[in-house]
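Protein sequences, first through last, are from chains F and W. Those letters in the first sequence? Residues 1 to 152, per the UniProt record's numbering, in order. Those letters in the second sequence? Residues 1 to 152, per the UniProt record's numbering, in order. Using N, Cα and C, we set each Cβ at its ideal position, and we do this for glycine too. Note that this is a predicted model, so its numbers are computed, not measured.
There are 2 protein chains.
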Amino acid sequence: MEKVPGSLGTSASFSLRLGQTVFSSASLLFMSLGVEFYSYTAFCYLVTVMGLVIPWSFTLALVDGYCVIVGCTLRQRGILLIVSMGDWVLSFLSLAAACSTASVIDLLVVFQGSYCPSKFCSRYQLSASMAFICWFLVAASSLFNLWLLPSL
Amino acid sequence: MEKVPGSLGTSASFSLRLGQTVFSSASLLFMSLGVEFYSYTAFCYLVTVMGLVIPWSFTLALVDGYCVIVGCTLRQRGILLIVSMGDWVLSFLSLAAACSTASVIDLLVVFQGSYCPSKFCSRYQLSASMAFICWFLVAASSLFNLWLLPSL
C-alpha cells in the first residue's frame, strides 16, 4: 500500500493541520474581538464553524505529530473514514461560512456605509479571507484522505 | 472492477444529473425572471454559477442516458478524472453561491424591509433553496466518481 502524502499520520498532513488551526483561530479572533459580530447571522455562523474547526484540527495535528515522531502508520479503515468524513463536512461548513460572511460584508460596504466603519469592515474582510484559506486547507486534507480510503 | 452506483454511465448517475439540471434551471429562473437580481453581487454570482451547472449537468445526463441505453461502460481514468474534478469544482461554486444568496436574503429581510417586498423575497428564498438542493446532488455525483477513481 503506497503512502499518500497529506494523508493521516504524515508530516504533510501535520503541516496542513497546523495551518488549519492557525488560520481558523485568526479568523475567529478577527471576527470576535472588539467587534459586534452577533448582530449578523452570517458572522455568528462563522464564529460557530471556526469554533468547531479549531479543536478538530488541533486534535488531528497532535495525532499527526505523534505519528511522525513515533513512526506509526494510521491505516485503519474506520479511523480514516471518520477523519475523512469529518474533514468533508467541515470543509463544506467553512466554505459556507466564508461565503456568507463575504457576501454580507459586500452588502454592508455597498449599501450601508454608516453600518460598517472602515476599521470594522477591514477586520471583517480579514476574517473572511482567513476563513477561505482555512476552507482550502481542510478541503485538501479531506481530498488526500478520501483518495487513500478506497485502497484500504 | 466493481460497478459503483452513481458513478459515470450508470442509471443512478443519470437520475442525479437530471435532478441537477432541473434544480439548477429552477434556481436560475426563480432568480432571474422579473426580479432585479443584478443589484446584488451574490445574486449575479448565483445566476452565473447556475448558468455553468446547467450545460455541464445536461451534457453528462445525455452521456449517461446514452451509456445506459447502449450498455457501454465509461471506465477511462482520464474521462473520470475530468468529470470528477469538474463536479468537485462546481459543487464548491454552487455551495458558495447558495450560501451567499441565503445570507444576503437574510440580511435584506431583517435590516431592509423596504428593499425586499415579500413577493420578491419568497422568490429569492425559493431560488436559494433550489441552489442548495443542486449543490447536494452535484456533491453526491462528485463523491461517487471520486470513490471509483483510485481503483482505476
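Does L29(F) come within less than 9 Å of chain W when only Cβ atoms are used? Taking a beta-carbon distance threshold of 9 Å, L29(F) does not count as an interface residue toward chain W.
Residues of the segment 41-65 of chain F with Cβ closer than 7 Å to any Cβ of chain W, in chain order: T41, A42
Shorter than 9 Å from the beta carbon of P150(F) to some beta carbon of chain W? yes
Examine chain F for any beta-carbon lying closer than 9 Å to the beta-carbon of S25(W), and answer yes or no. no
For P55(W), report the span of its alpha helix (DSSP H) as first-last. 41-70
Closer than 9 Å, Cβ to Cβ, to anything on chain W: give me those residues from the segment 95-108 of chain F, in chain order. Going along the segment 95-108 of chain F in chain order, one finds L95, A96, A97, A98, C99, S100, T101, A102, S103, V104, D106, L107, L108 with a Cβ nearer than 9 Å to chain W.
With 16 as the cutoff for other CB atoms within 10 Å, does V70(F) come out buried or exposed? With fewer than 16 other Cβ atoms within 10 Å, it is exposed.
DSSP state of L74(F), grouped into three classes? coil
At a CB distance below 7 Å, what residues from the segment 67-93 of chain W approach chain F? Give them in sequence order. F92
Same chain, Cβ closer than 8 Å to L74(F), neighbours up to 5 away in sequence not counted: L8, G9, V63, C67, L80
Determine the direct distance from the alpha carbon of G65(F) to that of S127(W), and round the result to whole angstroms. 45 Å
Determine the contact status of P150(F) and L29(W), defining contact as a CB-CB distance below 9 Å. no
Quick check on this structure: which residue in L107(W), L52(W), A61(W) has the alpha carbon closest to the alpha carbon of S39(F)? L107(W)
Does DSSP put V109(W) in a helix, in a strand, or in coil? helix
Environment of Q20(F) [buried if 16+ CB atoms lie within 10 Å]: buried
Against chain F, with Cβ distances strictly below 9 Å, would V138(W) count as a contact? no
Under DSSP, the alpha helix (DSSP H) around T21(W) begins and ends at which residues? Residues 11-32.
Between the segment 118-147 of chain W and chain F, which residues of the former have CB atoms less than 7 Å from a CB of the latter, in chain order? L146, W147
Sequence-distant residues of its chain with Cβ nearer than 6 Å to M1(W) (five each side left out): Unreliable positioning characterises M1(W) in this predicted model, as indicated by a pLDDT of 47, which lies under 50. The coordinate reading is nonetheless provided below. Excluding sequence neighbours, M1(W) sits near nothing in its chain.
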